[in-house]
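**Q** I'd like to ask you about the structure that follows.
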Amino acid sequence: MLAAFVLAASTVRAEMTDPFAQVGQMIQAGDLARADRTLRRLADDDRYRLRAAQTLHQLHQRRDFTLPPDERAIERAMARVGTRMHRYESANFVVLSDCDAAWTRSKISLLERTRHQYLRFVDQIGMPILPSEFKLLCVMFSDHDQYSQFASNEDKVNAPWAGGYFATQANRVVLFDDRQSPAIRQAHARLDAHETQVAETRERAKAAQNSGWTAMADALTEAADRLEADVAAGRLRLDEHAERLASAKTIHEAVHLLAYNTRLQSLGKVYPFWVSEGLATAFETAQPEHAFGPRHQYHEREDSFDRLVREGRALPLRQVVSVPAGLEGADELGDAIYSQSYILFTHLARTSPDALRRYLEELNSAPSRQFDPQFHVALFEKHFGRIAALERTLTRGRGTAGVASGQP
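Residue numbers (this note's numbering): 6 to 413.
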């Protein structure tokens, strides 16, 4: 009996000193939400971080675990959108949208697909992350003007060229339906004018036929048929272009949202542009039904980089490495900084995944400070070697005329 008492006492002491034993009891009792909160606190302690992360992932994979929505964030967004929104939920996202249901659901599927590919890549490089605490929020507008007004008034985003964005403070992605963008609508308006021309030509053909001018009627009918086919083909191309834009930006902004909610990146820390945007552009794809991510080429970005090199417009790699993330920097440097960030991130992800993981870990553990370009250049070269050598590798075989070069 004494032995049983000693064993019971030792078990109690172990449970008191081993926080994971307490987590196990919570799970056994069905209090999964409390277990989740406890594991997140443990993950902030260096002694427990890895085990806590592993246990959290196991918890989230349980069939009886349901990721909760952040109702406060949803209520705040609903109160400020200025239009009636429908609420949609999937396993890992909440979407507020006034776009048509089919389009919205297709983008929700793409959000889930992006999450799957993102987690797959993070696992490949061995980066320790945590699953998101809540379902992630995305707001989708059908009207571009309402989108722009919301972006400016609520998230202080004044970048008319941005097709969507991740609001770090509000922790949400905001998008609009590209089919309603000013450029697409203007293009459709031009096609409307051609359709009017088709109708007028058919009327002329009918009049010619009634007058007995058969040859002229046939010629006018053929011209109307050709123009009508061209208009239909033009509308199809516009729809396909709008869908490509919508898919690419949905993926891009979703990766930002995922990175900050899984602790791959930390809110409040200013990252180099190539890290934040290189990661997001690395997942862009024209074929989301296939595997995508940093280890898969996206030819649009690849071709853009090739043009930069051929035309001598590539930025020095030393500059790329030391530009802070933010819309202002992007506005100033244009497409070059995006394409070069894509090339740099994907190259390192494919050729130096361990070094990339160690770099990101040290970047995250460094104290938050004012962005220091010299610090980031030194940290980069510590993990990836001399910038000049890497720059030669990145541009080799892509054209040599007027290639910008960094300092050794």
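Glycine included, C-beta positions come from ideal geometry on N, C-alpha and C.
So, is ARG401 buried or exposed, given that buried needs 16 or more other C-beta atoms within 10 angstroms?
**A** exposed
**Q** Return the residue from the list GLY169, PHE181, LEU61 and GLU76 that minimises the CA-CA distance to THR109.
**A** PHE181
**Q** Which residues share a DSSP beta bridge with GLY169?
**A** LEU180
**Q** Check each candidate in GLN151, GLU138 and ILE79 and name the one with the smallest Cα separation from PHE70.
**A** GLU138
**Q** Touching or not, the segment 126-135 and the segment 69-85, by the rule of three or more beta carbon pairs under 8 Å?
**A** no
**Q** For GLU293, which option in ARG231, GLN122 and ARG45 has the closest C-alpha, if you only look at C-alpha atoms?
**A** For the sequence presented, residue 293 should be read as Pro rather than Glu. Nearest C-alpha to PRO293: GLN122.
**Q** Could you give the DSSP three-state label for ARG81: helix, strand or coil?
**A** helix
**Q** Any idea what DSSP makes of PHE146, helix, strand or coil?
**A** strand
**Q** So, is PHE380 buried or exposed, given that buried needs 16 or more other C-beta atoms within 10 angstroms?
**A** The residue is exposed, with fewer than 16 neighbouring Cβ atoms inside 10 Å.
**Q** Below 8 Å, how does it come out for the segment 276-290 and the segment 299-311: are there three or more Cβ pairs, yes or no?
**A** yes
**Q** Quick check on LEU101: does DSSP put it in helix, strand or coil?
**A** strand
**Q** When you compare the CB positions of LYS112 and THR255, do they come within less than 7 Å of one another, or not?
**A** yes
**Q** Closest by CA to ARG397, which one among LEU101, ALA319 and ALA212?
**A** ALA319
**Q** From PRO358 to HIS352, what distance separates their C-alpha atoms?
**A** 9 Å
**Q** Could you give the uninterrupted runs of the alpha helix (DSSP H) lying entirely in the segment 216-295, keeping only those of 4 residues or more?
**A** 219-266 and 278-286
**Q** Let's see if you can read the secondary structure: which residues bound the beta strand (DSSP E) around ARG92?
**A** 91-94
**Q** What number of angstroms, rounded off, separates the C-alpha of PHE385 from the C-alpha of ALA247?
**A** 37 Å
**Q** Could you give the DSSP three-state label for LYS140: helix, strand or coil?
**A** strand
**Q** Return the Cβ separation of PHE126 and GLU258 in integer angstroms, given the expectation that the two are a contact with Cβ distance under 8 Å.
**A** About 17 Å; that fails the 8 Å criterion.
**Q** Can you give me the C-alpha to C-alpha distance between GLY411 and SER153, rounded to a whole angstrom?
**A** Only weak support exists for where GLY411 lies, its pLDDT of 40 falling under 50; the value from the coordinates is given anyway. Roughly 38 Å separates the two Cα atoms.
**Q** Note down, in chain order, each residue of its chain lying with its Cβ closer than 8 Å to the Cβ of PRO24, except the 5 sequence neighbours on either side.
**A** Only THR43, LEU47 and TYR53 meet the Cβ criterion.
**Q** Going by DSSP, what residues sit across from ARG74 in a beta bridge?
**A** Before going further, note that residue 74 is Pro rather than Arg in the sequence given. LYS140, per the DSSP bridge assignment.
**Q** By Cβ distance, which residues of its chain are closer than 6 Å to VAL178, with the 5 residues on each side in sequence left out?
**A** CYS143, PHE171, GLU258 and LEU262
**Q** How long is the line joining the alpha carbons of MET83 and MET90, rounded to whole angstroms?
**A** 7 Å
**Q** Assuming ASP103 and SER147 make a contact with CB atoms under 8 Å, what is their CB distance in whole Å?
**A** 5 Å
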